[in-house]
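K.L.:
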Amino acid sequence: MATSLLGGPSPPPLLSSPLKTKTRPPAAASISFSPPIQLQHPKLCCSLPLSNSLYLPSRKLLAVFAFVDKETVITEDINHVSEEIDEFELKKKQAKPCELYVCNLPRSSDIADLVEMFKPFGSVISVEVSRNPETGVSRGCGYITMGSIDSARNAVSALDGSDVGGREMRVRYSVEISSGRRNPETLNSAPTKHLFYESPHKLYVGNLPWSTKPDELRNLFNQFGIVVSARVLSDRKGGNNRTYAFLSFLSVAERDAALSMNGTEFYDRMLVVKRGVEKRPSSF
Numbered sequence: 057m058a059t060s061l062l063g064g065p066s067p068p069p070l071l072s073s074p075l076k077t078k079t080r081p082p083a084a085a086s087i088s089f090s091p092p093i094q095l096q097h098p099k100l101c102c103s104l105p106l107s108n109s110l111y112l113p114s115r116k117l118l119a120v121f122a123f124v125d126k127e128t129v130i131t132e133d134i135n136h137v138s139e140e141i142d143e144f145e146l147k148k149k150q151a152k153p154c155e156l157y158v159c160n161l162p163r164s165s166d167i168a169d170l171v172e173m174f175k176p177f178g179s180v181i182s183v184e185v186s187r188n189p190e191t192g193v194s195r196g197c198g199y200i201t202m203g204s205i206d207s208a209r210n211a212v213s214a215l216d217g218s219d220v221g222g223r224e225m226r227v228r229y230s231v232e233i234s235s236g237r238r239n240p241e242t243l244n245s246a247p248t249k250h251l252f253y254e255s256p257h258k259l260y261v262g263n264l265p266w267s268t269k270p271d272e273l274r275n276l277f278n279q280f281g282i283v284v285s286a287r288v289l290s291d292r293k294g295g296n297n298r299t300y301a302f303l304s305f306l307s308v309a310e311r312d313a314a315l316s317m318n319g320t321e322f323y324d325r326m327l328v329v330k331r332g333v334e335k336r337p338s339s340f
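Using this note's numbering, the first residue of the sequence shown is number 57, and each one after it goes up by one.
1) Helix, strand or coil: how does DSSP classify valine 220 here?
2) Would you report the Cα separation of leucine 327 and proline 256, rounded to the nearest angstrom?
3) Tell me which same chain residues have a C-beta within less than 6 Å of the C-beta of alanine 418, skipping the five on either side of it?
4) Pull up the distance between the alpha-carbon of arginine 325 and that of asparagine 275, whole angstroms please.
5) Taking asparagine 278 as the reference, which of Ser182, Val288, Ile205 and Phe322 has the closest Cα?
6) Which residues bound the alpha helix (DSSP H) around valine 346?
7) Considering only residues of the same chain and omitting the five flanking positions on each side of cysteine 159, which have a CB-CB separation below 6 Å?
8) Could you pull out every residue in the same chain whose Cβ sits closer than 6 Å to the Cβ of lysine 286, ignoring the five residues on either side in sequence?
9) Quick check on the DSSP output: the beta strand (DSSP E) that includes asparagine 263 runs from which residue to which?
10) Under 8 Å Cβ to Cβ from glycine 222, same chain only, skipping five residues before and after it: list those, please.
11) How should threonine 320 be labelled, buried or exposed, when 16 other C-beta atoms within 10 angstroms of its C-beta is the threshold for buried?
12) Could you give the C-beta distance for glycine 281 and serine 307, rounded to a whole number, given that I count them as a contact under 8 Å?
13) How long is the line joining the alpha carbons of threonine 191 and aspartate 219, rounded to whole angstroms?
This is the structure:
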């Protein structure tokens, strides 16, 4: 019998059996959670009920979040480009010339007066005063083309309803008068007006092609100053078949500078440019 160190008999050996252990798959880690896990992301939000052990494939989860992050960056880039395009389109619209209609003017108001009134608000491209074609008396209204929508908007805001020579001047967008539309940004071109506009500083331009348009002459001569009117006429009487025009400028200096166009080529024709007061065609 075995004897213990204390001098007594040793206890019998304990009987034991080999322990059985369970092994988990080596490729996954086991994590236990009692409440559900909330996975949140600007583009992804989900709830995983994890009452029992959950095997989290970490690489796949990171891949999902990496994909969402990439998608977020791409979306932000697209939005940034879209904002730049919208800003460019807005600036392009605002840079378009905008025509204003002015009425209830004193009969004595002329082109120079209107230019002085409107030029503090931006570039004045053209000014036209409506006159009776027979008497030459002002109708008390006219058209001013500003260089941009913003300058036109500022002019309307400041000048509409202002006192001019004891009259309450009215300033409106010309599209509003002609078609009832009230959005100046929808303006693409000036409406057609069958009126005669006059200025004392005129030029006669002869030997024009029969298809000449007033806008073509404006574009050709506006390098010398503001072309306040351009009228193209044709003479078919007495065997004549000629086309000519009268241009009027804001000042004498601008008109005289434009005389340098005499003898220049325009659509394979030599222009005849000289000072002139409009009379009957037969007198030229």
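Glycine is no exception: its CB is placed at the ideal position from the N, C-alpha and C atoms.
P.N.:
Quick answer:
1) strand
2) 22 Å
3) Only positions 57 to 340 of the chain appear in the structure, and residue 418 is not among them; the question remains open.
4) So the two alpha carbons sit approximately 17 Å from each other.
5) Ser182
6) No answer is possible for residue 346: it lies beyond the span of the chain, which begins at 57 and ends at 340.
7) Within the same chain, Cys197 and Arg226 come within 6 Å of cysteine 159 by CB-CB distance, once the 5 residues on both sides are set aside.
8) In the sequence as presented, lysine is not what sits at residue 286; that position holds alanine. Excluding sequence neighbours, alanine 286 sits near Pro270, Leu273, Arg274 and Leu303.
9) 257–264
10) Pro162
11) exposed
12) Rounded, the Cβ-Cβ distance is 7 Å, consistent with contact.
13) A direct Cα-to-Cα measurement between threonine 191 and aspartate 219 gives close to 26 Å.
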